[in-house]
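What follows is a single structure, written as structure tokens, with notes after it.
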Amino acid sequence: MRTLLRLAPFALALLACSGESSPASQAAAAPLPPTEATLDVDGGKIWYRVSGTGTGTPAILLHGGPGYGSFYLKALEDLGDDRSVVRFDQLGNGKSDRLTDTTKMTIAHFVAELDSLRAHLKLERVHLVGHSWGTILGFEYYRAHPGRVASLTLMSPALDMAEWERHANDLVKTLSEPARRAIAAATKAQKYDSKDYEAANGEFMSRYVARNIQQPDWDSTMATVGMEQYMYFQGPSEFTIVGTLKQYNATSHLKDIKVPTLFTVGEFDEANPVTVRKQAALVPGAEVVVIDSAAHLTMWDNRAQTVKALRGFLRATEAPRSDR
Numbered sequence: 529m530r531t532l533l534r535l536a537p538f539a540l541a542l543l544a545c546s547g548e549s550s551p552a553s554q555a556a557a558a559p560l561p562p563t564e565a566t567l568d569v570d571g572g573k574i575w576y577r578v579s580g581t582g583t584g585t586p587a588i589l590l591h592g593g594p595g596y597g598s599f600y601l602k603a604l605e606d607l608g609d610d611r612s613v614v615r616f617d618q619l620g621n622g623k624s625d626r627l628t629d630t631t632k633m634t635i636a637h638f639v640a641e642l643d644s645l646r647a648h649l650k651l652e653r654v655h656l657v658g659h660s661w662g663t664i665l666g667f668e669y670y671r672a673h674p675g676r677v678a679s680l681t682l683m684s685p686a687l688d689m690a691e692w693e694r695h696a697n698d699l700v701k702t703l704s705e706p707a708r709r710a711i712a713a714a715t716k717a718q719k720y721d722s723k724d725y726e727a728a729n730g731e732f733m734s735r736y737v738a739r740n741i742q743q744p745d746w747d748s749t750m751a752t753v754g755m756e757q758y759m760y761f762q763g764p765s766e767f768t769i770v771g772t773l774k775q776y777n778a779t780s781h782l783k784d785i786k787v788p789t790l791f792t793v794g795e796f797d798e799a800n801p802v803t804v805r806k807q808a809a810l811v812p813g814a815e816v817v818v819i820d821s822a823a824h825l826t827m828w829d830n831r832a833q834t835v836k837a838l839r840g841f842l843r844a845t846e847a848p849r850s851d852r
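Residues 529 to 852 in this note's numbering are what the sequence shown lists, from first letter to last.
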């Protein structure tokens, strides 16, 4: 594992995966037709969009939350000059049908949903690009279907929720005194609907989630948040985790990743660059790129460096072996 502050040329061996066998890449295939449509899955309809004109192996974007929809990832459609890019809203999020059935609010359900979309698009193998909660989904999909995954990009990963919460609460200590008081009072009472708590959460978000908020994009993202899922999986905020993901920890399984893997993290990210470097060190051959001047939403705070990092990594995985 090498830590990079700026993307440098690198070579990654494209390792064979056990499980479903498939061609090493889909480069030189015709791109998917651009489209915007819905797909019936278990629990309702999910919305998806296909863009891009390149012929490289397609990439599927996995948004965070859980609950935030894919709108905020639209900057990553810039990768479409090399390949088809699939952006979709997981069930209960964004333009997809609402989800209130908690029996379907499981990692396994969303892994199956992702595989339904891949099969519907007739994609043998894909690059998975996950952000935040989307890194959990991408990693668990890889564990279930290793032969379907050409590479993993884990952006601002949430792979150890106890460590996430510990660091988030360290960040809370850097907030203003009124914000700290509001958070302490809400935590003690276990009531998170006060205006003071909302203001404290906003202060946290502006420092460690998005430093360069584009208000129209933020409004569009928040308008379709699936709060039922966010509360069920996570809890009332980024620093108060009481949901079903509280015990999630993939650390011991990272050594088993056998595809090219890129970790990215913002310089001021709530995901914690120190933690991300440690996680990347567990993955054979993994790369790390720290995105300058960015918090959690690196694609907003530093779009150019984020896209450059992803584009370079994906191209390297598909380069002829003599070029690697």
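Even for Gly, the Cβ is constructed at its ideal location relative to N, Cα and C.
Which residues does DSSP pair with residue i in a beta bridge?
| i | result |
| --- | --- |
| L575 | Residue 575 is actually Trp in this sequence, not Leu. W575 pairs with T566. |
| A587 | V613 and H655 |
| V835 | Answer by DSSP bridge pairing: none, since V835 is not bridged. |
| S679 | H655 |
| N777 | D688 |
Which residue marks the beginning of the beta strand (DSSP E) containing residue i, and which one marks its end?
| i | result |
| --- | --- |
| I769 | Here I769 belongs to no beta strand (DSSP E), and DSSP marks it neither H nor E. |
| E815 | E815 to I819 |
| L656 | V654 to H659 |
| A686 | Looking at the DSSP string, A686 is not in any beta strand (DSSP E), and its letter there is neither H nor E. |
| V793 | T789 to G794 |
Assuming the contact rule is C-beta atoms closer than 8 Å, residue i and residue j should be a hit. Round their C-beta distance to whole Å, please.
| i | j | result |
| --- | --- | --- |
| I588 | V614 | 5 Å |
| E495 | F796 | Outside the shown range of the chain, which is 529 to 852, sits residue 495, and nothing can be said about it. |
| G571 | G595 | Not confirmed; about 15 Å, so no contact. |
| S722 | A712 | With 8 Å as the limit, S722 and A712 do not qualify as a contact, their Cβ atoms being about 12 Å apart. |
| S660 | H824 | 7 Å |
Among the options, which residue has its Cα nearest to the Cα of residue i?
| i | options | result |
| --- | --- | --- |
| R671 | H659, K783 and A690 | K783 |
| V753 | H781, S579, Y600 and N729 | Y600 |
| S734 | A640, Y720 and T702 | T702 |
| V857 | Y736, D745 and R676 | Outside the displayed span of the chain (529 to 852) sits residue 857, for which this structure offers no information. |
| M759 | S748, T749 and T772 | T772 |
| T681 | Q775, V700, A717 and V816 | V816 |
| T834 | P848, V818, R843 and P706 | V818 |
Starting from residue i, follow the alpha helix (DSSP H) in both directions and report where the run begins and ends.
| i | result |
| --- | --- |
| F638 | I635 to H648 |
| F599 | Taken as a continuous stretch (DSSP letters only), F599 belongs to no alpha helix (DSSP H), as it is neither H nor E. |
| Q757 | M755 to F761 |
| Y736 | K723 to Y736 |
| T715 | E705 to A717 |
| T749 | Q743 to A751 |
query = If we count Cβ pairs, one from each stretch, closer than 8 Å, do we get three or more for the stretch 641-659 versus the stretch 736-754?
reply = No, they do not touch.
query = Should the stretch 796-807 be regarded as contacting the stretch 754-765, the criterion being three or more beta carbon pairs within less than 8 Å?
reply = Touching, no, given that fewer than three Cβ pairs across the two stretches are closer than 8 Å.
request  = Say whether the stretch 620-629 touches the stretch 604-612, bearing in mind that this needs 3 or more beta-carbon pairs closer than 8 Å, one atom from each stretch.
outcome  = In short, these stretches do not touch, since the Cβ pair count stays below three.
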